[in-house]
Structures are given as C-alpha cells and as structure tokens.
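Residue numbers (the numbering used here): 3 to 239. All C-beta atoms in this analysis are idealised placements derived from N, C-alpha and C, irrespective of residue type, glycine included. Note that the coordinates shown come from a computational prediction; the quantities given were computed from them, not determined experimentally.
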Amino acid sequence: MPAQILVVEDESAIQELIALNLEQAGQTPILAGSAEEAWTCIQTALPDLVLLDWMLPGQSGVDFARRLRAEPRTRLLPIIMLTARGEEDDKLRGLDTGADDYITKPFSTKELQARIKAVLRRRAPEITDDAIEYNGLNLDPASHRVTGKGKGLEMGPTEFRLLHFFMTHPERVYSRTQLLDHVWGDHVFIEERTVDVHIRRLRAALEPARLEAFVQTVRGAGHRFSKAPWRGRTPSP
Ligand code: CA
C-alpha cells in the first residue's frame, strides 16, 4: 500500500516539488496550505505521515504538531518538521514539538526519502516494503508474496495486510478495535466480528505450511502474533 503523506506547506513551489518527489517514490501526497486545511484533511482520513512546515500562516507548524500530539486520534501520527536553514532551524530543535524528525530546506529527494523511510520504519513498519521472516514464515510486501517453509501461501488482500501488521508488531496483543484501526484504517465502520472472520481466514491460509499457530487468540484480550509459537519445541516438519 503506498504511504499517504500529508504535506503542510504554504509555499506552492515547495509544495509542488515535495508532491512530485513523493509521487516518484510511489507515495501518495495530500496537500494542505495551512494547519487549518491540514486538520480538515485529517478529519477525512488519517495519513501515514505528516511533513509539516514550521512557518505557516495562521497556526504555526509547532503549535499544530502539539495539537496533533494532544489528540488521541493523532497522538501517534509520525511527523517530520520542515525548517529553513539557520536561526529558525536551531530554535526549532530546542523546542519540544513532539516531531519525530526535522529536515532543513532546501533538501534533496534522496534526503527526504531517507528521513521518511527511517521514521516510517520506526513508527509504522507495516507500511514499509521491508521483507520479514520468522521461523519459516516469510512475507514480502514488495512482491506481495507470503511463503511458509518455502511453499507459496495464497491469501486475500485483507489477510495479507493483517499478517503484515502482525509480523511488524509481534508479541503484542491487539484488541479487535485496535486491529480495525491499524489494518482497516480508522474512520472505517466495520463490525468487530469481521476481524474474527479474517483471523480465521488468515489461519486457514497458513495451514498448508502448518504455521497457523503463529496467530494466537488471547481470551478476552484479542489476538497476537507469536514469533516462536512452539515454545522450545521443534516446529513440525
Ligand atoms: Ca512556510
């Protein structure tokens, strides 16, 4: 899934340049010229990352970043602040804005992408293209393939996203509501029972390689991906 990146920048030339860079890297830019416009965009759909200019007309980037950190829905949204070289840059780094990273204008496409990938890898590994492997189960987002003990495993797009999320967040229990938010996206109104259906389908998809034990149900709490569900026992051949 291409990462949705909200670009909050009032200078249209810079905004366009960033949008072009993001598109070339296979990401989807969403453009806003002010904090107020950005807030409206966020109400519609939560982006995967925000590129936020410090100097904006109206509410400043610093205040907007603090607002995002204060709201439960946007609290964990990855933020990269854009600053101008020199005094502004130094001053900003001294402030507690809650931003994940800072990037100084002008920047190269390469630098921008390196920062975006680093922040996403840390904050939202399920939307990066890094292949993941645990004990014979391999998922490659780039080719959209899952293999279990070398065998290709067929599954639907939702099961794939679910497995990708689980594999990038192992050993943690997620409730149905949390899985809906992370895998289906927030603001999507789906019954919680739907999660159970897709969990069952995911287990069934892992069965041909006898790897269904990776996906565990924790009674009364939710579901969890265990990196080594055999607990010291040798996995069945
Ligand atoms: Ca500006």
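Check	Outcome
Per DSSP, cross-strand counterpart(s) of alanine 133	Its beta-bridge partners do not exist; DSSP assigns none.
Length of the line joining the Cα atoms of valine 9 and histidine 146	28 Å
6 Å CB neighbourhood of alanine 5 in its chain, flanking five on each side removed	Gln29, Asp50 and Ile129
Arginine 95 burial status per 10 Å Cβ neighbour count (16 or more: buried)	exposed
At least three beta-carbon pairs within less than 8 Å, the segment 16-31 to the segment 63-70	no
Secondary structure of proline 231, DSSP reduced to three states	coil
Beta carbon nearer than 5 Å to a non-hydrogen atom of ligand 1	Asp12, Asp55 and Met57
Contained beta strand (DSSP E) runs [length at least 3] in the segment 60-101, N- to C-terminal order	81-86
Straight-line Cα distance separating isoleucine 32 from glutamine 17	10 Å
Three-state secondary structure (DSSP) of isoleucine 16	helix
Residue burial classification, aspartate 131 (beta-carbon count within 10 angstroms, cutoff 16)	exposed
Coil, strand or helix - lysine 112 by DSSP	helix
Which listed residue (Ala40, Arg202 and Leu213) has its alpha carbon closest to that of histidine 225	Arg202
Test item: CB-CB of isoleucine 81 and glycine 100 under 8 Å	yes
Closest residue to arginine 77 among Lys119, Val52 and Leu97 (Cα-Cα distance)	Val52
Those residues which DSSP pairs with threonine 149 across a bridge	Asn140 and Gly154
Identity of the residues DSSP links to valine 220 by a beta bridge	Gly224
Glycine 150, buried or exposed, once every other Cβ within 10 Å from all chains shown has been counted against 16	buried
Three-state secondary structure assigned by DSSP to leucine 2	Lying outside 3 to 239, the shown extent of the chain, residue 2 is not represented and no answer is given.
Segment limits, alpha helix (DSSP H) that includes glutamine 45	37-46
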